[in-house]
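Heads up: the structure comes next, in structure tokens.
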């Protein structure tokens, strides 16, 4: 489907509804319906670092259905039916960056900053700095130091998840050191 010159993705994925304790309720719904109804479901994201500690930042393609053209600190998407957070994060890294890795789950929380509330599983992975992005998902990517990223978060338009997840990510790392 086209809107002006931009192609809009209408693919809808199936997700499992979960409760406020992140327990699977046994109901499979479309992600679109989960968002419309405000039903909790799982999303897995990964903060990618290179060997020098820089963080991968990317701008979403104009063709994606959610937050087109906005920047993101993490790579990820909805957990499919039967997928763990780790499996979903690994699948998303392979799809969006052509990276085969098993990211490490750091923490989960109910994220209310996006289109609808969802459980967000935040992972971390050290990845090669030469990534091959999927042009249907990623329009641009680059590696930023933490100070550069803090400035970018104030100046660029990021997805709501990016602000919340990165803030909690930094707090988690500070608490662990």
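Residue numbers (full-length UniProt numbering): 1 to 177.
Glycine included, each C-beta is placed from N, C-alpha and C at the ideal position.
What you are looking at is a predicted structure, and each value in this text was computed from that prediction instead of being measured.
**Q.** Option in 162, 145 and 123 with minimal Cα separation from residue 85
**A.** 123
Q | Reduced DSSP category for residue 252 - H, G, I as helix; E, B as strand; rest coil | A | There is no way to answer for residue 252, as the model of the chain reaches only from 1 to 177.
Q. First and last residue of the alpha helix (DSSP H) that includes residue 151?
A. 146 to 155
Q. If we count the other Cβ atoms within 10 Å of its Cβ and call it buried at 16 or more, is residue 107 buried or exposed?
A. exposed
Q.
DSSP three-state label for residue 60, please.
A. strand
Q: For residue 163, count neighbouring Cβ atoms within 10 angstroms of its own Cβ and tell me buried if that reaches 16, exposed if not.
A: exposed
Q: State yes or no: is the C-beta of residue 126 within less than 8 Å of the C-beta of residue 49?
A: yes
**Q.** Segment limits, beta strand (DSSP E) that includes residue 118
**A.** 118 to 126
Q. Are there 16 or more other CB atoms within 10 angstroms of the CB of residue 81, so buried, or fewer, so exposed?
A. exposed
Q: Leaving aside the five residues before and after residue 140 along the sequence, list all residues of the same chain whose C-beta is less than 6 Å from its C-beta, in chain order.
A: 59
(Q) At the level of alpha carbons, what is the spacing between residue 47 and residue 110? (A) 17 Å
Q) Can you name the start and end residues of the alpha helix (DSSP H) that residue 168 belongs to? A) 160 to 176
Q. Run through DSSP, which three-state label would residue 6 get?
A. Annotation note: pLDDT 35 at residue 6 (below 50); position unreliable, no value reported.
Q. Would you say residue 125 touches the ligand COA, meaning its beta carbon is less than 7 Å from a heavy atom?
A. This structure lacks the ligand COA, and indeed carries no ligand of any kind.
Q | Same chain, Cβ closer than 8 Å to residue 9, five either side skipped, listed in chain order | A | Legend: pLDDT at residue 9 = 40, less than 50; position of this residue unreliable, value from coordinates given subsequently. Around residue 9: 63, 64, 65 and 136.
Q | Spatially closest choice to residue 165 from 35, 74 and 19, by CA coordinates | A | 74
Q) Shortest alpha-carbon distance to residue 45 belongs to which of 176, 131 and 169? A) 169
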